[in-house]
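Take the sequence shown: its letter number 53 is residue 82 in this note's numbering, and every next letter is one higher. Reviewing the structure listed below.
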Amino acid sequence: MREFKCASCGEVFQHEKGELRCPKCGSRTLILIKGESLRKRGGSGSCSTCSTGTCSTCGIG
């Protein structure tokens, strides 16, 4: 279980799965307070192909 704080309205909430949005205002700009990062380990996530789950540039997958 991850805990987030909404950067727009300040709402603090827990999230397990589903679409990641603030339940109060619907914003996607969230700050992770507690729990494992959403990024996959091994890659920096800095290039466009990282979002596909495999990336030879960053070493994911």
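Glycine included, every Cβ here is placed at the ideal spot set by N, Cα and C. Being a predicted model, the structure only gives us computed values, none of them experimental.
Cβ neighbours of residue i in the same chain (closer than 7 Å, five flanking residues each side left out)
i   : result
I60 : F33, K34, A36
Reference residue i, options the options, closest by Cα
i   : options       : result
K53 : K63, C38, S66 : C38
C-beta atoms of residue i and residue j nearer than 9 Å
i   : j   : result
E45 : R57 : no
Cutoff 8 Å; reference residue i; Cβ partners in own chain excluding five residues on either side
i   : result
G64 : M30, R31, E32
Beta-carbon proximity list for residue i, same chain, < 6 Å, skipping 5 on both sides
i   : result
C51 : C35, E40
L49 : none
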